[in-house]
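Peer 1: In order, the protein sequences belong to chains W and A.
Going by this note's numbering, the first residue of the first sequence is number 636, and it counts up by one from there.
Going by this note's numbering, the first residue of the second sequence is number 636, and it counts up by one from there.
From the three backbone atoms N, C-alpha and C, an ideal C-beta is built for every residue, glycine too.
Here it is, the structure in full.
Protein chains: 2
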Amino acid sequence: MGRNCRFTAAVHVCAVLAHHPGEDLTSETVAASLNTNPVVVRRLLAALGAAGLVRSKRGSAGGYRLARAPGAIDLAAIALAVDDDDGPAFAPNPPSPVCIVGRFIQPVLAEFIERAETARRAELARVTLADVMEKLRAEA
Amino acid sequence: MGRNCRFTAAVHVCAVLAHHPGEDLTSETVAASLNTNPVVVRRLLAALGAAGLVRSKRGSAGGYRLARAPGAIDLAAIALAVDDDDGPAFAPNPPSPVCIVGRFIQPVLAEFIERAETARRAELARVTLADVMEKLRAEA
DNA sequence: CTCCTTCGTAACAGACTAGGTTACCAATTC
DNA sequence: GAATTGGTAACCTAGTCTGTTACGAAGGAG
Chain W
636 MGRNCRFTAA VHVCAVLAHH PGEDLTSETV AASLNTNPVV VRRLLAALGA
686 AGLVRSKRGS AGGYRLARAP GAIDLAAIAL AVDDDDGPAF APNPPSPVCI
736 VGRFIQPVLA EFIERAETAR RAELARVTLA DVMEKLRAEA
Chain A
636 MGRNCRFTAA VHVCAVLAHH PGEDLTSETV AASLNTNPVV VRRLLAALGA
686 AGLVRSKRGS AGGYRLARAP GAIDLAAIAL AVDDDDGPAF APNPPSPVCI
736 VGRFIQPVLA EFIERAETAR RAELARVTLA DVMEKLRAEA
């Protein structure tokens with residue numbers, strides 16, 4: 636499965652919550668829209684909660700709701716909450732330090748990759764959950 | 636392993652070839668710098684060759700060399716050659732079409748994600764293999 | 001106060017991915 | 001023709017992720 640898998644699922648979860656403002660939705664309700672298991676949704680919501688994007692309430696009549704207005708939640712925040720960003724990934728084996736290439740390729744590449752990832756995040760930050768909801772309603 | 640793994644390895648391979656201009660390097664030589672198996676390197680080089688970035692020669696005294704000057708190879712081309720880009724990845728299970736969110740979230744998100752990936756690729760396209768080699772030599 | 005609902009999380013099974021390895025054929029040079 | 005090297009298939013292994021079950025913690029309903 637691709638790397639955006641958790642991210643797209645997390646946005647889906649947030650969109651479901653945004654579609655029912657002021658209500659507490661159970662993980663089972665959200666899981667029905669995702670067509671998956673409630674525990675999978677709870678795992679996503681735990682990450683979103685740790686990032687301060689959603690609030691949860693336990694017990695009877697409990698559930699999840701957005702912690703902020705949809706216009707104050709951008710896609711970069713969701714991606715940051717869900718995709719544990721460990722920086723650029725290199726091969727499991729460290730390169731041979733004998734050659735100049737092997738010795739310095741990783742930090743050099745890491746800088747260029749980080750620059751590209753920053754550009755990607757900036758583009759995601761331009762889109763809020765409210766924008767997503769607007770596009771969703773335009774499609775329907 | 637992260638998604639950039641094949642990409643970083645491919646850039647490493649190209650950098651090794653660029654460090655020995657006019658020579659044909661065997662997969663075993665390149666693999667020594669990567670500290671991995673020759674077959675893994677050959678798989679990477681096969682993808683790079685299909686994209687027209689490297690040329691191979693079989694038989695005795697055969698090997699690989701860059702097909703263009705390092706200044707004419709940018710990181711976006713390497714990423715495109717190696718990372719089979721299947722577009723945004725969604726959850727294995729299709730969302731429930733009962734709700735508006737589940738029915739239209741995927742195409743809406745795909746557009747926003749594609750915009751972000753385009754920004755990332757554009758940043759990678761600004762860096763050529765010659766830039767990488769220059770930075771490498773500056774570090775040494 | 002007790003029970004029921006729901007979140008929070010650990011633990012485990014299954015599918016899938018990717019790297020590593022071996023093996024063998026094709027092509028090229030000497 | 002023999003040796004070398006790329007090209008590629010087949011398989012093994014390790015790691016990751018989803019899905020599932022299970023159980024404890026928290027909070028409301030009666």
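Going by alpha carbons, who is nearest to A696 (chain A) out of A:E769, A:F739, A:N639, A:E663?
Peer 2: On the second sequence, residue 696 (chain A) is found 61 positions in, with the first residue counted as 1. Minimum Cα distance to A696 (chain A) is reached at A:E663.
Peer 1: Output the distance between the C-alpha atoms of I708 (chain W) and V646 (chain W), rounded to the nearest integer angstrom.
Peer 2: Mapped onto the first sequence, residue 708 (chain W) falls at position 73. Mapped onto the first sequence, residue 646 (chain W) falls at position 11. Each residue's Cα considered, the two are about 10 Å apart.
Peer 1: I'd like to confirm the pairing. Which residues does DSSP put opposite D709 (chain A) in its beta bridges?
Peer 2: Against the second sequence, residue 709 (chain A) aligns to sequence position 74. Per DSSP, A:T763.
Peer 1: Which of the residues in the stretch 640 to 656 of chain W, read from start to end, lie with their CB under 7 Å from any CB of chain A?
Peer 2: C640, T643, A644, V646, H647, A650, V651, H654
Peer 1: Return the bridge partner residues of G698 (chain A) from the DSSP annotation.
Peer 2: For the purposes of this step, residue 698 (chain A) is taken as residue 63 along the second sequence, with counting starting at 1. Beta-bridge pairing links G698 (chain A) to A:K692.
Peer 1: To the nearest angstrom, how far is it from the Cα of P656 (chain A) to the Cα of A704 (chain A)?
Peer 2: Start at 1 with the first residue of the second sequence, and residue 656 (chain A) comes out as number 21. Start at 1 with the first residue of the second sequence, and residue 704 (chain A) comes out as number 69. Taking the straight line joining both Cα atoms gives about 9 Å.
Peer 1: Would you please verify whether the beta carbon of R755 (chain A) is less than 8 Å from any beta carbon of chain W?
Peer 2: Within the second sequence, numbered from 1, the residue matching residue 755 (chain A) stands at position 120. Interface residue, yes.
Peer 1: Which residue or residues does DSSP assign as beta-bridge partners of L660 (chain A)?
Peer 2: Against the second sequence, residue 660 (chain A) aligns to sequence position 25. According to DSSP, which records beta bridges pairwise, L660 (chain A) is partnered with A:Y699.
Peer 1: Kindly confirm or deny that the stretch 758 to 773 of chain W and the stretch 709 to 716 of chain W touch, where touching means at least three C-beta pairs closer than 8 Å.
Peer 2: yes
Peer 1: Could you check if P730 (chain W) is buried or exposed, using at least 16 other CB atoms within 10 Å of its CB as the buried criterion?
Peer 2: Numbered from its first residue, the first sequence carries residue 730 (chain W) at position 95. Answer is buried; the Cβ neighbour count reaches 16.
Peer 1: Just to confirm, are L717 (chain W) and L679 (chain W) a CB contact at a threshold of 8 Å?
Peer 2: In the first sequence, counting from the first residue as 1, residue 717 (chain W) sits at position 82. In the first sequence, counting from the first residue as 1, residue 679 (chain W) sits at position 44. Residue 717 (chain W) is actually Val in this sequence, not Leu. Yes, the Cβ-Cβ distance between V717 (chain W) and L679 (chain W) is below 8 Å.
Peer 1: Under DSSP, the alpha helix (DSSP H) around G684 (chain W) begins and ends at which residues?
Peer 2: Here residue 684 (chain W) refers to the residue found at position 49 when the first sequence is read from its first residue. 673 to 685 is the extent of the alpha helix (DSSP H) around G684 (chain W).
Peer 1: Taking Cβ-Cβ distances shorter than 9 Å, what residues in chain A pair up with I713 (chain W)?
Peer 2: In the first sequence, residue 713 (chain W) corresponds to position 78, counting from 1. Those within 9 Å of I713 (chain W) in chain A number zero; the least Cβ separation is about 11 Å.
Peer 1: Note the first and the last residue of the continuous alpha helix (DSSP H) segment covering C640 (chain W).
Peer 2: Residue 640 (chain W) sits at position 5 when you count from the first residue of the first sequence. Looking at the DSSP string, the run of the alpha helix (DSSP H) that includes C640 (chain W) is 640 to 653.
Peer 1: Could you work out which residues of chain W lie near G737 (chain A), taking near to mean beta carbons separated by less than 7 Å?
Peer 2: Residue 737 (chain A) sits at position 102 when you count from the first residue of the second sequence. In chain order: S668.
Peer 1: In chain W, which residues lie with their C-beta within 9 Å of the C-beta of S731 (chain A)?
Peer 2: As a position in the second sequence, residue 731 (chain A) is number 96, starting the count at 1. Result: A667, S668, L669, N670.
Peer 1: Quick one: is V674 (chain A) buried, meaning 16 or more other Cβ sit within 10 Å of its Cβ, or exposed?
Peer 2: Taking the second sequence and counting its residues from 1, one reaches residue 674 (chain A) at position 39. Result: exposed.
Peer 1: For chain A, is any of its Cβ atoms less than 8 Å away from the one on I708 (chain W)?
Peer 2: Counted from its first residue, the first sequence places residue 708 (chain W) at position 73. No - not a single Cβ of chain A is within 8 Å of the one on I708 (chain W).
Peer 1: To the nearest angstrom, how far is it from the Cα of V736 (chain A) to the Cα of E746 (chain A)?
Peer 2: Residue numbering aside, residue 736 (chain A) sits at position 101 when the second sequence is read from its first letter. Residue numbering aside, residue 746 (chain A) sits at position 111 when the second sequence is read from its first letter. Cα to Cα, V736 (chain A) sits roughly 15 Å from E746 (chain A).
Peer 1: Could you tell me how far apart the beta carbons of E752 (chain W) and R755 (chain A) are, in whole angstroms, since I believe they sit closer than 8 Å?
Peer 2: Position 117 of the first sequence holds residue 752 (chain W). Position 120 of the second sequence holds residue 755 (chain A). Sure, about 7 Å apart at Cβ, within 8 Å.
Peer 1: When you compare only the Cα positions, how much space is there between A702 (chain A) and A653 (chain A)?
Peer 2: Here residue 702 (chain A) is taken as the residue at index 67 of the second sequence, counted from 1. Here residue 653 (chain A) is taken as the residue at index 18 of the second sequence, counted from 1. When rounded, the distance between both Cα atoms is 10 Å.
Peer 1: Can you say whether G698 (chain A) is buried or exposed, counting buried as having 16 or more other CB atoms within 10 angstroms of its CB?
Peer 2: The count along the second sequence starts at 1 and reaches residue 698 (chain A) at position 63. Buried, by the Cβ-count rule.
Peer 1: Which residue's Cα is closest to the Cα of E774 (chain A): W:A666, W:L715, W:L744, W:V648?
Peer 2: Mapped onto the second sequence, residue 774 (chain A) falls at position 139. For E774 (chain A), the nearest C-alpha among the options comes from W:L744.
Peer 1: Less than 8 Å between CB atoms is the rule here; does V689 (chain W) satisfy it with respect to chain A?
Peer 2: Locating residue 689 (chain W) in the first sequence gives position 54, counting from the first residue. By this cut-off, V689 (chain W) is not an interface position.
Peer 1: In chain order, what residues of the same chain lie with their CB nearer than 8 Å to the CB of R677 (chain W), ignoring the 5 residues before and after it?
Peer 2: Translated into positions along the first sequence, residue 677 (chain W) becomes position 42. S662.
Peer 1: Would R750 (chain W) pass as an interface residue toward chain A - the criterion being a Cβ-Cβ separation below 8 Å?
Peer 2: Here the question's residue 750 (chain W) lines up with position 115 in the first sequence. So, interface residue.
Peer 1: List, in chain order, every chain A residue whose beta-carbon is nearer than 8 Å to that of R678 (chain W).
Peer 2: Counting from 1 along the first sequence, the entry for residue 678 (chain W) is found at position 43. Correct list: empty, because the minimum Cβ distance to chain A is about 13 Å.
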